[in-house]
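K.L.:
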Amino acid sequence: MKLLTKTHKYYLVFLVALAPVMIVVDYYLIRYMVNIEVNEILKHESERIKFQLEKEGELPHSSYMFDSTPVDETSTPFSQFNDTLIFETYADKLIPYRTYEFTALVGTERLKISLRHILLEMNELILGLFAATTLILMLLATGLFFISQKISEWAWKPFFRNLSKLKNYDITQKKQVHLEASGISEFEALNQVATALMNQVERDFQNLKEFNENISHEMQTPLAIIRNKMVLLLESQSLGEKELQWVQAAYQEANKLSKIGKALNLISRIENREFPRLDSVDVRAIIDNIISKMEEIIKFKDLKMAAKLNAARVKCDPILADILFTNLIKNAVQHNREGGYIRLLLNEEKFELENTGEVLQKETAQLFNRFQRGNTATDSFGLGLAISQKICELYGFRLGYEHHEGKHKLSLFFNS
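Residue numbers (my numbering): -7 to 408.
Quick look at the structure:
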């Protein structure tokens, strides 16, 4: 859920929860104000009546007065407001009134005088004001909601534009990302942190890239010298048979070390996405070329090859495509048994490779990890399938493997 949507959702929930409370408060507030106004009218009328009593000594006429009764002269003077219902014969129903009762002296007699003010019109006024106020509040809340939404969208625009830039950020492109200023302190702080992180990542990436390149280059040079010296020793006539075996073993390990260095460097370059080239690669042509190169070893191991290769093209770097299919086919040949078979199937959706071989000695899930070999008896150093897996991850391919009783099947799906 988007932040703005969630914010507005909370706003609506709060508004819906608050609306009934505000409506009730609004109703009683208006009623309270109307009562105050009526009280003022009745209080003013009582003061006028008292003034006339002091001046003339008798009760004046009042449109608000409806009752006056004698009370005990020793009783304490009082005054009070009340709400009451009075039956009116003209309306044939109970009518709401606001009453004010107070005591006053008329000559030597103390009277309790009751004033009243009809609330029927006031109730209608209250309901009218209540409806109008409620409508205004609802319109105001709705207007504020949409205004808040527009203001939020406007305020968050720089953030979303910067987010889009960060999503499209590619460390291998070496393009500086310029984050847009927003004038909002929190967003500016976020921009500073993001920029600092990108700069640090770029420095680390460049340092790691240079380290891999340097170590690969520096390691290959002494290894080449070692291999050359060992070739000279193997050609020497002064060494005995046992010494020649030792030199031969050392030469093979030096070759293996050289291949491991190159393979690890290749994996690092793939992970760093240093192969930006995207071509429409003819997969069938690549496979035909690989089979042609391996024809001698296929014949040597007496492998039966069956290939059904339809036209298929994929978008990837041609060099990585050649490495990918070479590793897969080479793996099937190298780990096959003499007199076994290899079946190849290619179409626009997938490439399947089935071959005979030894029983798998590792868990299937570990097969594509670095330095994992399905059969420890082979001379493989366990990086071919790891490289293939990295290439598949780079281009969104999916590599699957299954085996049963010495039969192995690799499936490469171009559209995962």
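Even glycine gets a Cβ: it sits at the ideal position worked out from N, Cα and C.
Suppose only complete runs of 4+ residues qualify. What are the alpha helix (DSSP H) ranges in the stretch 84 to 168, listed by chain order?
P.N.:
112 to 159, all fully within the stretch 84 to 168.
K.L.:
Kindly indicate which residue of Lys307, Leu4, Glu340 and Met286 has the alpha-carbon position closest to the one of Gln141.
P.N.:
The residue with the shortest Cα to Cα distance from Gln141 is Leu4.
K.L.:
Considering only residues of the same chain and omitting the five flanking positions on each side of Gln240, which have a CB-CB separation below 7 Å?
P.N.:
Within the same chain, Gln240 has close Cβ partners Leu226.
K.L.:
Expressed to the nearest angstrom, what Euclidean distance is found between the alpha-carbon atoms of Thr414 and Ile41?
P.N.:
Since the first residue shown for the chain is -7 and the last is 408, residue 414 is missing from the structure and cannot be characterised.
K.L.:
In chain order, what residues of the same chain have a beta carbon less than 6 Å from the beta carbon of Gly392, not counting five sequence neighbours either side?
P.N.:
Excluding residues within five positions, the ones whose Cβ falls inside 6 Å are Ser403.
K.L.:
Could you tell me which residues DSSP pairs with Asn347 in its beta bridges?
P.N.:
According to DSSP, which records beta bridges pairwise, Asn347 is partnered with Ile334 and His400.
K.L.:
Mind checking which residues open and close the alpha helix (DSSP H) that includes Phe317?
P.N.:
Looking at the DSSP string, the run of the alpha helix (DSSP H) that includes Phe317 is Pro310 to Gln326.
K.L.:
Going by DSSP, what residue range makes up the beta strand (DSSP E) through Gln229?
P.N.:
That residue, Gln229, is in no beta strand (DSSP E); it is neither H nor E in DSSP.
K.L.:
Quick one: residues in its chain with C-beta nearer than 6 Å to the C-beta of Tyr161, no 5 flanking neighbours on either side, listed in chain order?
P.N.:
Answer for Tyr161: Val169, listed in chain order.
K.L.:
Leaving out five residues before and five after Gly332 in sequence, what residues of the same chain have Cβ atoms less than 6 Å from its Cβ?
P.N.:
Contacts found: Leu295 and Thr348.
K.L.:
Take the Cβ of Ile289 as the centre, count every other Cβ of all protein chains shown within 10 Å, and call the residue buried at 16 or more, exposed below.
P.N.:
Its Cβ having fewer than 16 others within 10 Å, Ile289 is exposed.
K.L.:
Rounded C-beta distance between Leu338 and Ile279? I'm assuming under 8 Å.
P.N.:
7 Å between Cβ atoms; contact.
K.L.:
Cβ of Asp75 within 9 Å of Cβ of Ser106?
P.N.:
Cβ atoms of Asp75 and Ser106: not closer than 9 Å.
K.L.:
Starting from the Cα of Lys300, find the closest Cα among Arg276, Ala186, Ala313 and Leu249 and give me that residue.
P.N.:
Taking only the C-alpha atoms, the option nearest Lys300 is Arg276.
K.L.:
If you draw a straight line from the C-alpha of Thr(-3) to the C-alpha of Ile176, how long is it?
P.N.:
Going by the C-alpha atoms only, they are around 20 Å apart.
K.L.:
Leaving out five residues on either side along the sequence, give the residues of the same chain with a beta carbon under 6 Å from the beta carbon of Gly376.
P.N.:
The residues are Asn319 and Asn323.
K.L.:
DSSP beta-bridge partners for Arg305?
P.N.:
Beta-bridge pairing links Arg305 to Asp274.
K.L.:
Pick out whichever of Gln44, Arg219, Ser54 and Lys166 has its Cα sitting closest to the Cα of Tyr243.
P.N.:
Ranking the options by Cα distance to Tyr243, first place goes to Arg219.
K.L.:
Rounded to whole angstroms, what is the Cα-Cα separation between Leu182 and Leu136?
P.N.:
Cα-Cα distance, rounded: 28 Å.
K.L.:
Can you tell which of Met130, Phe179 and Ala133 has the C-alpha that lies nearest to the C-alpha of Phe151?
P.N.:
That would be Phe179, whose Cα lies nearest to the Cα of Phe151.
K.L.:
Is it the case that the Cβ atoms of Met222 and Ala246 are separated by a distance below 9 Å?
P.N.:
Yes, Cβ-Cβ distance for Met222 and Ala246 is below 9 Å.
K.L.:
Use the C-beta contact count for Tyr56: other C-beta atoms within 10 angstroms, 16 or more gives buried, fewer gives exposed.
P.N.:
Buried.
K.L.:
Can you give the Cα-Cα distance for Asn27 and Arg153, rounded to whole angstroms?
P.N.:
Straight-line Cα distance between these residues: approximately 57 Å.
K.L.:
Taking the alpha helix (DSSP H) that Glu287 belongs to, which residues open and close that run?
P.N.:
First-last of the alpha helix (DSSP H) with Glu287: Glu287 to Phe292.
K.L.:
Tell me the rounded alpha-carbon separation between Phe203 and Met297.
P.N.:
If I take the Cα positions, the gap works out to 43 Å.
K.L.:
How would you call Phe317, buried or exposed, if buried means at least 16 neighbouring beta carbons within 10 angstroms?
P.N.:
When all chains shown are included, Phe317 counts as buried.
K.L.:
Do you know how far the Cα of Ser250 is from the Cα of Leu231?
P.N.:
Each residue's Cα considered, the two are about 25 Å apart.
K.L.:
Report yes if the CB atom of Ser71 is closer than 9 Å to the CB atom of Glu48, and no otherwise.
P.N.:
The answer is no: Cβ separation not under 9 Å.
K.L.:
Would you kindly check if the distance between the Cβ of Tyr387 and the Cβ of Leu448 is under 9 Å?
P.N.:
The shown model of the chain, from -7 to 408, leaves out residue 448, and the question about it has no answer.
K.L.:
Sort Ile315, Glu340, Leu345 and Asp314 by Cα distance to His327 and report the nearest one.
P.N.:
The shortest Cα separation from His327 among Ile315, Glu340, Leu345 and Asp314 belongs to Leu345.
K.L.:
Starting from Ser174, trace the alpha helix (DSSP H) both ways and give me its first and last residue.
P.N.:
Premise fails: Ser174 is in no alpha helix (DSSP H) and is neither H nor E.
K.L.:
Can you tell which of Val193, Arg195 and Leu171 has its C-alpha closest to the C-alpha of Gln184?
P.N.:
It is Leu171 whose Cα lies nearest to the Cα of Gln184.
K.L.:
Roughly how many angstroms separate the alpha carbons of Gly99 and Tyr82, rounded to a whole number?
P.N.:
Approximately 35 Å, taken between the alpha carbons.
K.L.:
Specify the secondary structure class of Asp59 as computed by DSSP and reduced to three states.
P.N.:
In this structure, Asp59 counts as strand in the three-state DSSP scheme.
K.L.:
Below 6 Å CB to CB, which residues in the same chain sit around Pro69 once its five sequence neighbours on both sides are set aside?
P.N.:
Closer than 6 Å at Cβ, skipping near neighbours: Thr95.
K.L.:
Drop a sphere of 10 angstroms on the beta-carbon of Leu34, count the other beta-carbons inside from all chains shown, and report buried for 16 or more, exposed for fewer.
P.N.:
Buried.
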